[in-house]
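A.B. asks: Chains C and L are the protein sequences, given in the same order.
Once you know that position 6 of the first sequence is 6 in UniProt numbering, the rest is easy, because the numbers rise by one and skip nothing.
Once you know that position 139 of the second sequence is 139 in UniProt numbering, the rest is easy, because the numbers rise by one and skip nothing.
For glycine and all other residues, C-beta sits at the position ideal for the given N, C-alpha and C.
Below you'll find the structure I mean.
Protein chains: 2
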Amino acid sequence: MNDLREPLKQLATCGLPQALEVMGERWSFMILRAAFNGLVHFEEFSAELGIARNILSGRLGRLVENGVMARIRSQEDRRKVEYRLTEKGLDLLPAMLALRQWGERYGTGIATNPVLVDARDGLPIARITIRAADGRELTWQDLAWQDSARLGQSVKKG
Amino acid sequence: MNDLREPLKQLATCGLPQALEVMGERWSFMILRAAFNGLVHFEEFSAELGIARNILSGRLGRLVENGVMARIRSQEDRRKVEYRLTEKGLDLLPAMLALRQWGERYGTGIATNPVLVDARDGLPIARITIRAADGRELTWQDLAWQDSARLGQSVKKG
DNA sequence: GCAATAGAGTTTCTAATAACAACCTATACC
DNA sequence: GGTATAGGTTGTTATTAGAAACTCTATTGC
């Protein structure tokens, strides 16, 4: 366990609250997943998620507001609107996959489909892991919290 | 009352809904972060998060129910209870870090503190990325969805 | 051209849930 | 007895969810 680790009972500041501000609401990640699955239209999200229309409208609007998705009128059919992931939205993929993999691992063994693969060789992607700057895989035992003012100095683990 | 624990009917099935059922509520990730920062007692979480006591009680209970945390009576002081991350909870670290890194990257430039470092060399961990089975880093362009029944066959990018 | 229809919402109304504040309780320690 | 710790209870408000009906524009079929 982490009994050897010196607990730091100080206020922590990090990007998590800001991420949760955008993605912490109930349907946000499900909408994101649908978007990664190629859905773009309001009616597609509605059918896939079974979410009430007003709520879906609100969530999509919020994701657009926060720059996660872009709202684009279709050229071919001007009734249609396309919601497409922005760069910022695409950058949420690691977080979504990490969550999803965790759910798969500990959930009630529902077979995942479809699977995300490397387009080059068709093999499923690896598990999302934590790595050192030089690429070594790290576990919680290998990690320590460090005050950012002291970065680069030696670390005491116990 | 279409909630997240119902299996999806149409396009995609995966572990995400199950992960969100455990971690999708408003304070769950903040509690998790506090736990990773070494907090163990009810009053510590309460002080750190400023969350109403009944809500905190409910969330902690739910995390324990779901096996993310363990509720342990302290040996030294029998009044005290320790909430400690289980293996299952520790395995949420990649997801939490990916979210946090995303928030840092796109948030309003709040300096993160403390920073998670490799205890061996004191260097901050790398960004959480998606990798192929052989370890190559992959971006969204390199990926494809594949029906799990056809794994290993040729892939067309969607 | 005109009616019917499709897409993307908005509005209204209602129910359920989450959140918060402020007490209250039950142990266990001193 | 007095205090610390973990939580339950009560009451109140805010938010979220949902169903159904409505709007507005664009397209399609005749």
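(1) Pick out whichever of Arg120(L), Ala126(L) and Glu137(L) has its Cα sitting closest to the Cα of Val117(C).
(2) Here's the rule I'm using: 16 or more other beta-carbon atoms within 10 Å means buried, otherwise exposed. How should Gly24(C) be labelled?
(3) Out of Ala98(C), Gly50(C) and Thr86(C), which one is the CA nearest neighbour of residue 159(L)?
(4) Per DSSP, what kind of secondary structure is Ala142(L) in: helix, strand or coil?
(5) Please report the Cβ distance between Thr13(L) and Asn113(C), rounded to the nearest whole angstrom; I am assuming they are in contact, meaning their Cβ atoms lie under 8 angstroms.
(6) Check Ala70(C) in the structure and name its three-state DSSP category.
(7) Within 10 angstroms of its Cβ, does Glu87(C) collect 16 or more other Cβ (buried), or is it exposed?
(8) Name, please, each residue of chain L whose Cβ falls closer than 7 angstroms to the Cβ of Gln146(C).
(9) What would DSSP say about Pro114(C), mapped onto helix, strand or coil?
(10) How big is the Cα-Cα spacing for Lys9(L) and Leu49(C)?
(11) Kindly list, in the order they appear in chain L, the residues whose Cβ is closer than 9 angstroms to that of Asp77(C).
(12) Tell me, please, whether the CB atom of Ile55(C) is closer than 7 angstroms to any CB atom in chain L?
(13) Does the region 53 to 70 of chain L touch the region 97 to 111 of chain L, meaning 3 or more C-beta pairs lie closer than 8 angstroms?
(14) Please tell me whether Arg59(C) has its Cβ less than 7 angstroms away from any Cβ of chain L.
(15) Counting C-beta neighbours from all protein chains within 10 Å, is the total for Ala111(L) 16 or more, i.e. buried, or is it exposed?
(16) Using a C-beta cutoff of 7 angstroms, does Arg73(L) count as contacting chain C?
(17) Which whole-angstrom value is the C-beta distance of Ala133(L) and Pro124(C), which I expect to be below 8 angstroms?
(18) Residue 239(L) versus chain C: which residues are under 8 angstroms apart at the beta carbon?
(19) Between which residues of its own chain and Ile128(C) is the CB-CB distance below 8 angstroms, once the five residues before and five after are set aside?
(20) Evaluate Phe146(C) with the Cβ neighbour count: other Cβ atoms within 10 Å of its Cβ, from every protein chain shown; 16 or more gives buried, anything less gives exposed.
(21) Tell me the rounded alpha-carbon separation between His41(C) and Ala34(L).
(22) Report all residues from its chain with a CB closer than 6 angstroms to the CB of Gly89(L); omit the five preceding and five following residues, and keep chain order.
(23) Determine whether the Cβ of Asp91(L) lies closer than 7 angstroms to any Cβ atom of chain C.
(24) Taking 7 angstroms as the threshold (beta carbon to beta carbon), is Phe29(C) in contact with chain L?
(25) Considering just the uninterrupted stretch of the alpha helix (DSSP H) at Leu49(C), what are its terminal residues?
(26) Rounded to whole angstroms, how far is the Cβ of Arg131(C) from the Cβ of Ala126(L), which I believe are closer than 8 angstroms?
(27) How long is the line joining the alpha carbons of Glu82(C) and Ser74(C), rounded to whole angstroms?
(28) Which one of Asp142(C), Val115(C) and Asp77(C) has the shortest CA to CA distance from Gly122(L)?
(29) If you measure from the beta carbon of Arg62(C) to each beta carbon in chain L, is any gap under 7 angstroms?
(30) May I have the straight-line CA-CA distance separating Ile51(C) from Arg59(C), to the nearest angstrom?
C.D. replies: So, from the listed chains and residues:
(1) The sequence position of residue 117(C) within the first sequence is 117, counting from 1. That would be Glu137(L), whose Cα lies nearest to the Cα of Val117(C).
(2) To locate residue 24(C), count along the first sequence from 1; it is residue 24. Answer is buried; the Cβ neighbour count reaches 16.
(3) As displayed, chain L neither begins before 1 nor continues past 158, which places residue 159(L) out of reach and without an answer.
(4) Translated into the one-based positions of the second sequence, residue 142(L) becomes position 142. According to the sequence shown, residue 142(L) is Asp rather than Ala. If DSSP states are grouped into helix, strand and coil, Asp142(L) belongs with the helices.
(5) If you number the second sequence from 1, residue 13(L) lands on position 13. If you number the first sequence from 1, residue 113(C) lands on position 113. Yes, Thr13(L) and Asn113(C) are in contact; Cβ-Cβ is about 5 angstroms, under 8 angstroms.
(6) Taking the first sequence and counting its residues from 1, the one referred to as residue 70(C) is at position 70. Looking at Ala70(C) - three-state DSSP - the assignment turns out to be strand.
(7) Locating residue 87(C) in the first sequence gives position 87, where the first residue counts as 1. Under this definition Glu87(C) is an exposed residue.
(8) As a first step, residue 146(C) must be located in the first sequence, where it is residue number 146. Result: Pro114, Val115, Val117 and Gly122.
(9) Locating residue 114(C) in the first sequence gives position 114, where the first residue counts as 1. The answer is coil: DSSP assigns Pro114(C) none of H, G, I, E or B.
(10) Position 9 of the second sequence, counted from the first residue, corresponds to residue 9(L). Position 49 of the first sequence, counted from the first residue, corresponds to residue 49(C). A caution first: Lys9(L) carries a pLDDT of 31, below 50, which makes its placement in the model unreliable, though a value can still be read off. Computed Cα separation, rounded: 9 angstroms.
(11) Locating residue 77(C) in the first sequence gives position 77, where the first residue counts as 1. Chain L residues near Asp77(C): none, gap ~21 angstroms exceeds 9 angstroms.
(12) Translated into positions along the first sequence, residue 55(C) becomes position 55. Cβ-Cβ to chain L under 7 angstroms: no for Ile55(C).
(13) no
(14) Sequence index remark: in the first sequence, residue 59(C) carries index 59 (1-based). No, because no Cβ of chain L sits closer than 7 angstroms to the Cβ of Arg59(C).
(15) As a first step, residue 111(L) is located in the second sequence; it is residue number 111 there, counting from the start. With fewer than 16 Cβ atoms within 10 Å of its Cβ, Ala111(L) is classed as exposed.
(16) Stepping through the second sequence from its first residue, residue 73(L) is reached at position 73. No - not a single Cβ of chain C is within 7 angstroms of the one on Arg73(L).
(17) Locating residue 133(L) in the second sequence gives position 133, where the first residue counts as 1. Locating residue 124(C) in the first sequence gives position 124, where the first residue counts as 1. About 7 angstroms; that satisfies the 8 angstroms criterion.
(18) Absent from the model: residue 239(L). The displayed extent of chain L is 1 to 158, so no value can be given.
(19) In the first sequence, counting from the first residue as 1, residue 128(C) sits at position 128. Closer than 8 angstroms at Cβ, skipping near neighbours: Pro94, Leu97, Ala98 and Gln101.
(20) Taking the first residue of the first sequence as position 1, residue 146(C) is located at position 146. It is Gln, not Phe, that sits at residue 146(C) in the sequence shown. Answer is buried; the Cβ neighbour count reaches 16.
(21) Translated into positions along the first sequence, residue 41(C) becomes position 41. Translated into positions along the second sequence, residue 34(L) becomes position 34. Answer to the nearest angstrom: the Cα atoms are 38 angstroms apart.
(22) Start at 1 with the first residue of the second sequence, and residue 89(L) comes out as number 89. Result list for Gly89(L): Val68 and Met69, in chain order.
(23) Looking up residue 91(L) in the second sequence gives position 91. Yes - at least one Cβ of chain C is within 7 angstroms of the one on Asp91(L).
(24) For the purposes of this step, residue 29(C) is taken as the residue at position 29 of the first sequence. With 7 angstroms as the cut-off, Phe29(C) counts as an interface residue toward chain L.
(25) The residue given as residue 49(C) occupies position 49 in the first sequence. Here the alpha helix (DSSP H) through Leu49(C) covers Phe42 to Leu49.
(26) For the purposes of this step, residue 131(C) is identified with residue 131 of the first sequence, where counting begins at 1. For the purposes of this step, residue 126(L) is identified with residue 126 of the second sequence, where counting begins at 1. That belief holds up - the Cβ atoms of Arg131(C) and Ala126(L) are roughly 5 angstroms apart, short of 8 angstroms.
(27) As a working mapping, residue 82(C) is identified with position 82 in the first sequence. As a working mapping, residue 74(C) is identified with position 74 in the first sequence. For Glu82(C) and Ser74(C), the distance between alpha carbons rounds to 6 angstroms.
(28) Residue mapping note: residue 122(L) aligns to position 122 of the second sequence, counting from 1. Comparing Cα positions, the closest option is Asp142(C).
(29) As a working note, residue 62(C) is residue 62 in the first sequence. So, not an interface residue.
(30) In the first sequence, the residue the question calls residue 51(C) occupies position 51. In the first sequence, the residue the question calls residue 59(C) occupies position 59. Taking the straight line from one Cα to the other gives about 10 angstroms.
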